[in-house]
Every structure is written in structure tokens, then in C-alpha cells.
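Enquirer: Just passing along the structure, written as C-alpha cells.
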Amino acid sequence: MTSTSSSSSDLKSKQREFSQSLHGKDSDKKVGVSAFFNKDNKAQEVAINDYLKHWDGKTDKEAEQRRLEDYNQSTHSYYNVVTDFYEYGWGTSFHFSRYYKGEAFAQATARHEHYLAHKIGIKEGWKVLDVGCGVGGPAREIARFTGAHITGLNNNDYQIGKAFHYAKKFHLEDQLNFIKGDFMNIDLPENSFDAVYAIEATVHAPVLEGVYSQIYKVLKPGGVFGVYEWVMTDKYDETNEAHRKIAYEIEIGDGIPKMYDVNVARQALKNVGFELEFEQDLADSDDEIPWYYPLTGEWKYIQSIYDLSTFFRTSYIGRQITTNLVRALEFVGIAAKGSTKVTAALEDAAVGLVEGGRQNLFTPMQLFIVRKPLDAK
Ligand SMILES: C[S@@+](CC[C@H](N)C(=O)[O-])C[C@H]1O[C@@H](n2cnc3c(N)ncnc32)[C@H](O)[C@@H]1O
1286 MTSTSSSSSD
1296 LKSKQREFSQ
1306 SLHGKDSDKK
1316 VGVSAFFNKD
1326 NKAQEVAIND
1336 YLKHWDGKTD
1346 KEAEQRRLED
1356 YNQSTHSYYN
1366 VVTDFYEYGW
1376 GTSFHFSRYY
1386 KGEAFAQATA
1396 RHEHYLAHKI
1406 GIKEGWKVLD
1416 VGCGVGGPAR
1426 EIARFTGAHI
1436 TGLNNNDYQI
1446 GKAFHYAKKF
1456 HLEDQLNFIK
1466 GDFMNIDLPE
1476 NSFDAVYAIE
1486 ATVHAPVLEG
1496 VYSQIYKVLK
1506 PGGVFGVYEW
1516 VMTDKYDETN
1526 EAHRKIAYEI
1536 EIGDGIPKMY
1546 DVNVARQALK
1556 NVGFELEFEQ
1566 DLADSDDEIP
1576 WYYPLTGEWK
1586 YIQSIYDLST
1596 FFRTSYIGRQ
1606 ITTNLVRALE
1616 FVGIAAKGST
1626 KVTAALEDAA
1636 VGLVEGGRQN
1646 LFTPMQLFIV
1656 RKPLDAK
């Protein structure tokens, strides 16, 4: 074993042990509030500090470099802390979607996943990799929609436990598998997948060429990679302080070491050898209901009575209630120290995301469909 692989396996087992002590027994079966109360407060405090230590308001190059270098552990800690909030607010697919008139939230979420599978052309029986799979919501939906076999890759043990739990609950064990790993160093055979997709996950990479080249490596020659990438748009100007503030709010509240712009992402795909077949910013549309509607608190956007509870939890008022409840629980010692700071960071993210969306400076759905050339070595 080389020293790099032994240190990465040390980190893996350290993260697994920590996850078990933090999330407690049967953690994969608990969701939202009950999961929140199942935590070991001391370990939760460690995870919170581990995540928040990099988000201290500093946007200078040195602070940025520290975040980039610590991307794996810092993202791991971020998702240890926020997974329950995500599931409580969004369900088991942790991404935005386009929302059409008359369409319920869950329907829009599924359609957004189907659209990606359709653009890639995933077929029944294919071997597909989901990079940064969360708790497996998209993998379950795409497995059902296409009949493909999907492997979810994730560096967060808590989410992997949940992904296995849901696969079993919905009788999809034969079509789904989940593995622990860092997408900057994918430990899977070369040329082994017919297709790869990533939904709002590769933005956590410190360098996009890093994750894209790993995806290129595991794809079969002629195979397709499709991604909904989080990027700043052409309108974003890094030297504009107001713009940088929006990007920073998104970084701090979403555990992202550095937001890149769309040109950086496109070039990174080409640099690693992919052929660009299609690209579209799905947020750049005339949709009457914007992608960021669940975060706005504007009731006029709600399309279905079933979405009232989702909207209430994710909207401004709902988030204020959650923040105040967490503050009270932290005060009486039920929630871990620092929990309120986490909800504050999530609040900053929501503000940055909505503002970034309103000003067309940011998109969470820059779709790229790229192919590994058939004659790739
Ligand atoms: C916003 S969530 C999206 C999850 C999923 N794609 C979905 O749409 O539900 C980002 C995911 O990327 C994963 N992730 C972040 N950094 C990673 C890394 N270095 N290696 C593997 N997975 C990572 C996180 O654990 C999380 O599951």
C-alpha cells in the first residue's frame, strides 16, 4: 500500500468511526427532528467546529487556499451537520429543479432527474455511477426510470447508511449500491461505467479538473457524463464586491471551498479530454416559477396543497422558526454548542442563492453533456 492510499484509508476509517459516534444507533432509519435528537452532542460540537473553522468571513487567497486543501474533511463535516436539515426541508433529493405551473414539488424533482437521465441516454441494464449521491434520492428515481444499475459514490458515511436503508425500504437493492469514497480519487476500475452523472455535487471539488479527470478515468470509451453543475454565470465579476459577497454566502452556507464560473467548468471538462456535446443553463429561462422559489417565502409560487409543508419549512418564515427553535435548544443544552451558527450559515446560503438567482449571477443547473472519445487511451 502506498503512503497516499494508506493515509486515505486512515481518513476513511476515522471518518466512519466518528460518524458512528456522532449519529448514534439506528441513525440510518431516523429522519429530521428525531435524527437531530439522536446525536452525541460532544461529537456534534466537534463536527460543527470542524466545518465552521474555515468560514470566518475571510475571502483572501490564504483563507481560500486552506479551504481548498481541507475540502474532503470539511465537506464531510458539513454534511454530518446539515443532512438532517436537508432531509427535513427538501426530502431525499438534495437539489434544485425547474418548477412548472401546476406541478408539485416532488414531481418537479423527479422530472429534473429524468431529464438528466434522458439527455445522457441511460438505458436498461447499463452500469452507471452517481458521483456525490447524497442519501440516494436521485439514484432511486433514475434506477426506476431507466432500469439501469446505479452505484452511488459519497464521502459521507451517514448519508451512505441512509442511502442503503432507503434502497432496502423501496426494494431496489438489486439495482443500487453505494460506496464510500472521495471523488477526487475514485477507487474503482478504469473504463468500467457506461455512463456517469453528478447532481449539484462536483461543486465541492477544490479543482474541477480533479473530479472530472477521475470521472473520465472510470467511464468506458464512448461513455457519457452528464452533470448539473453549480457555477457563477458570465455576468459574475469576481472583482465586484457585491458579487463576491453573494458567492461567499453560497460557499459558507453550502460547504463549498470555491465557486468557479461557467467558463472554468467548461474548460476543465475539455482539459481532461471530454468532447462537449450539449450545454444549457436551465435557470436561464422564462419559467414563471424560478428555481429558487422554495427559499423565497413567496406564497404565490406554491402549485399544490401538498407542497405547503415543504414550502413552510424551506421559506424565510419557516427557516426563522427553525433557527429560533435550535437557538432555544442550544441554550438549554439539548442541541450541541454551535448549532445556531450552522442554521445562520444555512440562512446566509439561502440569501446568497436567491440573490444570485435573481441577478442571474449563479445557476445550480448548468447542464453539460460530454463524451469520452471512443478512441480514448
Ligand atoms: C448537494 S449534495 C447532492 C446530493 C445528490 N446528488 C442529490 O442530488 O440528492 C452533494 C453531495 O456531494 C457529496 N460530496 C461532497 N464532496 C465529496 C467528495 N469529495 N467525494 C464524494 N462525495 C462528495 C456530499 O456528501 C453530498 O452527498
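Using the numbering used here, the first residue of the sequence shown is number 1286, and each one after it goes up by one. Note that beta-carbon positions come from the ideal geometry of N, C-alpha and C, so glycine has one too.
Can you tell which of Gly1623, Tyr1443, Glu1632, Gly1410 has its C-alpha closest to the C-alpha of glycine 1309?
Expert: Checking every option, the nearest Cα to that of glycine 1309 belongs to Tyr1443.
Enquirer: Going by Cα to Cα distance, which pick from Gly1642, Pro1658, Leu1610, Leu1659 is closest to arginine 1383?
Expert: The shortest C-alpha separation from arginine 1383 is found at Gly1642.
Enquirer: Would you mind sorting histidine 1397 into buried or exposed? The rule is 16 or more other CB atoms within 10 Å of its CB.
Expert: Per the 10 Å Cβ criterion, buried.
Enquirer: Give the straight-line distance between the Cα atoms of alanine 1395 and threonine 1581, rounded to the nearest whole angstrom.
Expert: Approximately 21 Å between the Cα atoms of the pair.
Enquirer: Sorted by chain position, which residues of the same chain lie with C-beta nearer than 7 Å to leucine 1414's C-beta, five sequence neighbours on each side aside?
Expert: Result list for leucine 1414: Thr1436, Leu1438, Phe1478, Val1481, Val1503, in chain order.
Enquirer: CA-CA distance, tyrosine 1630 and aspartate 1660?
Expert: In the sequence as presented, tyrosine is not what sits at residue 1630; that position holds alanine. Going from the Cα of alanine 1630 to the Cα of aspartate 1660 covers about 46 Å.
Enquirer: Starting from the N-terminal side, write out each stretch of the beta strand (DSSP E) that is 3 residues or longer and does not extend beyond the segment 1558–1632.
Expert: Taking only runs of at least 3 residues, the beta strand (DSSP E) segments lying wholly in the segment 1558–1632 are 1560–1566.
Enquirer: Mind listing, in chain order, the continuous alpha helix (DSSP H) runs of no fewer than 4 residues lying wholly within the segment 1502–1568?
Expert: With a minimum length of 4 residues, the continuous alpha helix (DSSP H) runs that stay inside the segment 1502–1568 are 1526–1539, 1547–1556.
Enquirer: Report yes if the C-beta distance between glutamine 1460 and alanine 1428 is below 8 Å; otherwise report no.
Expert: Yes, the Cβ-Cβ distance between glutamine 1460 and alanine 1428 is below 8 Å.
Enquirer: Count the other C-beta atoms from every protein chain shown that fall within 10 angstroms of the C-beta of valine 1617, then say buried if there are 16 or more, exposed otherwise.
Expert: Exposed, by the Cβ-count rule.
Enquirer: Does ligand 1 have a heavy atom nearer than 7 Å to the CB of glycine 1422?
Expert: Checking the Cβ of glycine 1422 against ligand 1 gives yes.
Enquirer: Taking 7 Å as the cut-off, is the CB of alanine 1630 close to at least one heavy atom of ligand 1?
Expert: Alanine 1630 Cβ: outside cutoff for every heavy atom of ligand 1.
Enquirer: Which value, in whole angstroms, describes the spacing of the CA atoms of glycine 1603 and glycine 1376?
Expert: Cα to Cα, glycine 1603 sits roughly 15 Å from glycine 1376.
Enquirer: Restricting to runs no shorter than 3 residues, where is the beta strand (DSSP E) found entirely within the segment 1386–1458?
Expert: Whole beta strand (DSSP E) segments, 3+ residues: 1412–1416, 1434–1439.
Enquirer: So, with DSSP's three-state summary, where would you put aspartate 1479?
Expert: If DSSP states are grouped into helix, strand and coil, aspartate 1479 belongs with the strands.
Enquirer: Measuring only the C-alpha atoms, how far is lysine 1453 from lysine 1505?
Expert: C-alpha separation (whole angstroms): 29 Å.
Enquirer: If you drop the 5 nearest sequence neighbours on each side, which residues of the same chain put their C-beta closer than 7 Å to that of glycine 1637?
Expert: Ile1531, Glu1534, Ile1535, Gly1538.
Enquirer: Please state whether DSSP places valine 1316 in a helix, a strand or coil.
Expert: Note: valine 1316 maps to coil in three-state DSSP.
Enquirer: Return yes when the Cβ of tyrosine 1513 is within less than 8 Å of the Cβ of valine 1557, no when it is not.
Expert: No, they are not a contact pair.
Enquirer: Does DSSP classify valine 1496 as helix, strand or coil?
Expert: It is helical.
Enquirer: State yes or no: is the C-beta of asparagine 1440 nearer than 7 Å to some heavy atom of ligand 1?
Expert: It does: the Cβ of asparagine 1440 is within 7 Å (strictly closer) of some heavy atom of ligand 1.
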